[in-house]
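What follows is a single structure, written as structure tokens, with notes after it.
Residue numbers (the working numbering): 717 to 1171.
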């Protein structure tokens, strides 16, 4: 807030001067100047109690026609969105460069346009000819999409305001947009926030579904102000490794559906294709079980995904410093689990290097993976494979107990559907209609006994 400036007013003639003095310059009277504190800048510019236009309140229980979701044409995309695109919503999609954001949105825009909807695709990073070349490679060049290459938000909104609002508006990307009412180059915090606000305002007032593509930082967070994530209705992350074929579309925020739902896609020559059974991507096709390998039924939203966990133990000569390497899991969680195995089960990992890998480049954050990781570590240490066609899940406490996890029945049902015969987990898990041979693991000591073959 700007500091209020002082002024002095003559009590005789009303003359105003910025500083005090003994004699008034206008009326020549002495000792008539007194300090008068003007209204502060805050009260002058931010008093919003009057001067505005009235708004209309609508009772919450008044029956109105609710907006109908529009399908994107891809079941995996609809799943991540919670059932489709809500008209008037704002969606922010982030992801690493080259991961396939523009490819996915161009394919989605083509499917929506072929369904008889008006679709506008504005690219601020590519020329219109470049987008046409990509559309031809993806086989969607015949889609009736209105294509433009521009970065001025004023020009975009002026053009859209001259006709009926489109059903879908794609802005690729928000970091390239520019508003002439805000100082700064495109991509700065003020420009990104201001441009997004104007585009979201248009989407809310017109009923047009808006999709904004956002760049990400080195840490994987969406670049720009964090307030941008609060302004939109849905925040999606397109993840994956360039060296791997699969891509995961994950909902990080969703005002119209469940959070942490995922859609799985496979990057092919002609674009992204849906993966109906993602568990097969993360399981090796070996015929014989191997030591140090376990299968964990992970849960992404409401979808169970079977993931293979691989562990390798290398004994070192005395004096060497052991190494701990983790890919796809929390390094601190591994250190805690190794400490519990040493303290509660008497196993020795201090003189060995430990390598842990989540197959397929998958990233695990579910605490229910503790038991599967422990099983893989014990199996690698003993050089004995785990029981064939077995799935493991459960959270491990510092006391070595196996704590219950959510949706155990759903995990077992997915494992049984893929041909698994045994399940290991907490004792209070309900098996329900699954036909697996379920065996409860009461603690890590019980796990070691089962792996070593003493039970």
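Glycine residues also receive a C-beta, built at the ideal position from the N, C-alpha and C atoms.
Residue 1128 is bridged by DSSP to nothing; it lacks a bridge partner. Taking C-beta atoms under 8 Å as the contact rule, residue 844 and residue 835 fail to qualify, at a distance of about 15 Å. Secondary structure at residue 970: strand, using DSSP grouped into helix, strand and coil. Its chain contains 748 and 750 as the residues whose beta carbon lies nearer than 7 Å to that of residue 727, once the 5 sequence neighbours on both sides are disregarded; these appear in chain order. DSSP places residue 1123 in the coil class of the three-state scheme, outside both helix and strand. A distance below 8 Å between beta-carbons, with the five flanking residues on each side excluded, links residue 866 to the following residues of its chain, in chain order: 838, 840 and 872. In terms of CA proximity to residue 977, 1016 leads the group 1108, 1016 and 825. The beta strand (DSSP E) runs of length 3 or more contained entirely in the segment 1041-1093 are, from start to end of the chain, 1068-1074. When 1038, 891, 895 and 883 are compared, the shortest CA-CA separation from residue 874 is found for 895.
Taking a C-beta distance under 8 Å as the contact criterion, residue 966 and residue 981 do not qualify as a contact pair. Put simply, of 825, 1055, 1039 and 983 the residue whose alpha carbon is nearest the alpha carbon of residue 1113 is 1055. Taken in chain order, the unbroken stretches of alpha helix (DSSP H) that lie wholly in the segment 788-854 and span 4 residues or more are 791-797, 817-830 and 844-854. In terms of CA proximity to residue 1119, 1087 leads the group 1138, 1087, 1139 and 1134. Taking 8 Å as the upper bound for CB-CB distance, residue 928 and residue 806 are in contact here, some 7 Å apart. Looking at the DSSP output, residue 930 bridges to 810. Taking a C-beta distance under 8 Å as the contact criterion, residue 950 and residue 970 qualify as a contact pair. Runs of the alpha helix (DSSP H) lying entirely within the segment 851-915, each at least 4 residues long, are 869-876 in chain order. Excluding sequence positions up to five before and after residue 884, its CB lies within less than 6 Å of the CB of 828, 835 and 925, all in the same chain and listed in chain order. Residue ranges of uninterrupted beta strand (DSSP E) with 3 or more members, entirely inside the segment 948-1028 and ordered along the chain, are 950-955, 962-970, 978-984, 987-990 and 1009-1016. Residue 987 and residue 973 have their C-alpha atoms some 27 Å from each other. In terms of Cβ geometry, residue 1110 and residue 1157 form a close pair [threshold 8 Å].
Collapsing the DSSP output to three states places residue 1113 in coil. Within a 10 Å sphere around the beta-carbon of residue 1063 sit 16 or more other beta-carbons, which makes this residue buried.
Per DSSP, reduced to three states, the secondary structure at residue 723 is coil, with no helix or strand assignment.
The beta-bridge partner set that DSSP reports for residue 1153 consists of 1138.
In the three-state reduction of the DSSP assignment, residue 1031 falls in the strand class, which pools E and B. In this structure the segment 1069-1077 touches the segment 1042-1060; the number of beta carbon pairs closer than 8 Å is three or more.
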